[in-house]
Structures are given as structure tokens and as C-alpha cells.
Amino acid sequence: MAAGEDIFEASPDKGKAVLRELISLEHEILLHPRYFGPNLLNTVKQKLFTEVEGTCTGKYGFVIAVTTIDNIGAGVIQPGRGFVLYPVKYKAIVFRPFKGEVVDAVVTQVNKVGLFTEIGPMSCFISRHSIPSEMEFDPNSNPPCYKEVDEDIVIQQDDEIRLKIVGTRVDKNDIFAIGSLMDDYLGECPGCLGKGGVGTGVEMGFNAESQMEETVMWSAWKIQDMCPWGWEVQ
1 MAAGEDIFEA SPDKGKAVLR ELISLEHEIL LHPRYFGPNL LNTVKQKLFT EVEGTCTGKY
61 GFVIAVTTID NIGAGVIQPG RGFVLYPVKY KAIVFRPFKG EVVDAVVTQV NKVGLFTEIG
121 PMSCFISRHS IPSEMEFDPN SNPPCYKEVD EDIVIQQDDE IRLKIVGTRV DKNDIFAIGS
181 LMDDYLGECP GCLGKGGVGT GVEMGFNAES QMEETVMWSA WKIQDMCPWG WEVQ
């Protein structure tokens, strides 16, 4: 992989730089013989977009968007199959979260163990222990929520919040995060995500809802109180 170009965006509240990165990647496209013809190269390009955008690798993070296709190599016929394998070199914007990074998120689920959120394509869990003590879970509210006694601040499903990433777990094809609201300027943040539904610090350039329908929210049974095994926490 060639050296990446860092893309920074500043958070207006904390002045913290948030990182996206433009990097060079490689991918192999396996093409069926029925696609051989005058539109072959366009087919290879479209398959590249389909196969890599919205995916995740533990090494590079989430592939947000392919920006340029640098080279489509000569196809190699697969013996006994008739398929042709095309090596493709391309550049893409990737997003990989870091511990200590402040990002914006959408609350997707609220229960007694904490808050489940989405930061663009990434799932993030906030334990009840990482929510300020003055905020209590109210199971009788419709929908359930965390709120202060005087109800000045209420966090419920579909709300926009600002959180700090305190831990990450990197799998082969996914990255999960643990967040916290225990810091200044964190918590309820109406309007901080704008029209795209993605945080100020990680504006992805794609529709997260449509592109990441297959993003799997890990279930509550995997959350072992404050931090499940296998998580790297600062």
C-alpha cells in the first residue's frame, strides 16, 4: 500500500482534529465470461465500487468511497472455469477510529445496560457506567431514555449525541467501539449530524443508512458489564 494522505477536519467545540485518510489499495475482481465485451472495463469499475465501498478491514478501517482507479491490470484466465481475474489498484477514503477521538453519533437503542449508537458505518456502545450519574434510565418512558431528574437533558432513540471513543475492538471484517459521555461538551447534540446523518468529525460522503444496512449491532449479551473481553481500552 502506498503512503496515505491524511484528511483532517476540526471539531468546532473541542478543536480536535478528526482523521480520515486517502490511501492506495488493491483488489481483485473475478469476472464471468458473459461480461466480456465493449463494456468490460466499465463492468470491472462498477464491480469494484460494489465490492469494496461500505466494507471494512481491521487493518485499514471502513472503506467509505473509491476516489480514483489508478490501474486495471491484465486479466488472468482461471483454469477450468473460464472466469478472468483482474487486479485493480485504486485510491479510497477510509475511516478508522482512534481512542480519544470525539465524534458524533445517532442513538439506535436504549436499555438498562447503556446506549447503542452508530457512527456512520461503525457501531459504538456506551455503558451505563460511562453515562453521567445524574442521568438515570427511565424504562417507563416511551421510548425508553436516559434523563436528568429535572428532565433538562433527555437521550433516547434517534437522538444525536457527541461522544468520546475510549476503546476499540478490531475484527477481521469489522471494527466496534466503546464510547463515553463522561467529559465536557459530550452528550446531547441536536443537529450536530446535519443532513447526512453522519458526525461532524467523520462526514463520510455516502448515505450511511443505505450503504451499511448489513452493519451488525452486537447484542447486549456480549457486553460484559462495562467492557467485554477482547476490547482494547485506554
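FYI, the numbering for the sequence shown is 1 to 234, going by full-length UniProt numbering. Idealized CB from N, CA, C, for every residue including glycine.
Asked: Please state if the CB of L48 and the CB of V66 are separated by a distance shorter than 8 Å.; Found: yes
Asked: Short check: CB of G61 to CB of R96, under 8 Å?; Found: yes
Asked: Measuring alpha carbon to alpha carbon, tell me which of F83, L22 and Y90 ends up nearest K45.; Found: Y90
Asked: Can you tell me the Cα-Cα spacing of K164 and S127, whole angstroms?; Found: 12 Å
Asked: Can you list, in chain order, the residues of its chain with a C-beta nearer than 8 Å to that of L186? Leave out the 5 residues immediately preceding and following it.; Found: V102, I161, R162, L163, K164 and S180
Asked: In whole angstroms, give me the CA-to-CA distance for P190 and R169.; Found: 28 Å
Asked: In angstroms with no decimal places, state the Cα-to-Cα distance between L31 and E53.; Found: 18 Å
Asked: Under three-state DSSP, which class holds F176?; Found: strand
Asked: State the DSSP-derived secondary structure class of K59, mapped to helix, strand or coil.; Found: coil
Asked: Tell me the residue span of the alpha helix (DSSP H) that contains E51.; Found: L40 to V52
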